[in-house]
Amino acid sequence: MKVMDLYGELKEKDFFKKFVTDKPDAFLYAGFFVLNFESGDESFQFDFYLPSENSVEIVEFPFEGFKAQENVVPCLEENVYDSDKMKKLDLNLKVDLDDLKEKVEEVKKENDCAQPTTKLICVLKEGIWNLTSLNNQLGILRIKINSLTGEVVDFNKGSLMEFMGVVKK
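Position 45 (the sequence shown) corresponds to 35 in the numbering used here; numbering is contiguous.
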């Protein structure tokens, strides 16, 4: 699946056309995707920043409407976004959603990581794919790939236990 194809599908929806008309300053700033290679399940989400409201609207596939923000931190009285850091997402990607599994496998091979990826969590923001690859042995690989050039800009590996701060006794 291509991100641009998903976005094109969203742009055809009536609720989205109304959103664009009602909130002309809104722009796509991030995408969040989960690919489960064991079950074949996939989830896709686009995040839109509204500068005039300093807020974010989220829409998930199959794109039936915007999702209410249920995960607001109770101690914050209002949404706090740094508008200077919110950049419009460029969807002219060299490395697209359907390229990620192969790209992760290449990086794994280069770094002697043999466990098969069971789930891939993918965040596309500011031209960077921020990938978290999970396997059945609780292994985690974190990979950052420039979506416009294909360059791997960061790689590290660990385990879920390390990530959660669990210490062996």
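Note that beta-carbon positions come from the ideal geometry of N, C-alpha and C, so glycine has one too.
- The three-state reading of DSSP puts residue 11 in helix, counting H, G and I together.
- Residue nearest to residue 130 within the set 139, 6, 120 is 120 (criterion: CA-CA distance).
- Counting of Cβ neighbours within 10 angstroms places residue 5 among the exposed residues, the total staying below 16.
- For residue 142, the secondary structure class from DSSP, reduced to helix, strand or coil, is strand.
- In the three-state scheme derived from DSSP, where H, G and I count as helix and E and B as strand, residue 27 is classed as coil.
- The beta strand (DSSP E) runs of length 3 or more contained entirely in the region 66 to 118 are, from start to end of the chain, 109 to 115.
- Distances from the alpha-carbon of residue 97 to those of 123, 139, 34, 2 put 123 closest.
- The C-beta distance from residue 17 to residue 34 rounds to 18 Å, too long to fall under 8 Å, and the pair is not in contact.
- From the listed residues 108, 30, 20, 27, the smallest Cα separation to residue 39 is found for 20.
- In terms of Cβ geometry, residue 47 and residue 56 form a close pair [threshold 8 Å].
- Linking residue 7 to residue 100 through their CA atoms gives a straight-line distance of about 44 Å.
- Within the same chain, Cβ atoms closer than 6 Å to the Cβ of residue 49 are found at 36, 56, the five residues on either side in sequence being excluded.
- At the C-beta level, residue 79 and residue 114 come within 8 Å of one another.
- Under the DSSP assignment, residue -2 falls in the alpha helix (DSSP H) whose first and last residues are -7 to 1.
- Cβ contact annotation for residue 3 (same chain, cutoff 7 Å, sequence separation greater than five): 53, in chain order.
- Counting only residues of its own chain and dropping the five nearest sequence neighbours on each side, residue 93 has a CB closer than 7 Å to the CB of 85, 135.
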